[in-house]
Ligand SMILES: [Zn+2]
């Protein structure tokens, strides 16, 4: 289940690129971060691949120190992260 118009977030050393000025955000806003925290029990197919990966949505608020705008990154390791501006 992939969202349409998914914009993959680019990371530099674990820091997302600001969607406004396209430079790495220097500071992450820790307040307001959240996770859906659901439990995804592993399910394996006949070749041993996990077909039920962790799809918890992790949401993190960021503020770019260059343009001072706030933005939100949400997603997970399985489906990728996208901006929610
Ligand atoms: Zn910026």
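Residue numbers (our numbering): 55 to 139. C-beta atoms are modelled at their ideal positions from N, C-alpha and C, and glycine is treated no differently.
Cβ neighbour criterion (16 or more within 10 Å) applied to residue i
i: residue 90; result: exposed
i: residue 118; result: buried
Distance CB(residue i)-CB(residue j) smaller than 8 Å
i: residue 78; j: residue 125; result: no
i: residue 47; j: residue 96; result: No information on residue 47 is available, as it lies outside the stretch 55 to 139 that the chain covers here.
i: residue 62; j: residue 131; result: no
i: residue 112; j: residue 134; result: no
Inter-residue Cα distance where the pair is residue i and residue j
i: residue 138; j: residue 123; result: 13 Å
i: residue 64; j: residue 70; result: 6 Å
i: residue 98; j: residue 68; result: 30 Å
Residue ranges of each beta strand (DSSP E) run of no fewer than 3 residues wholly in the stretch 58-138, ordered along the chain?
Counting whole runs of 3 or more residues, the stretch 58-138 contains the beta strand (DSSP E) stretches 81-89, 112-117, 124-130, 134-138.
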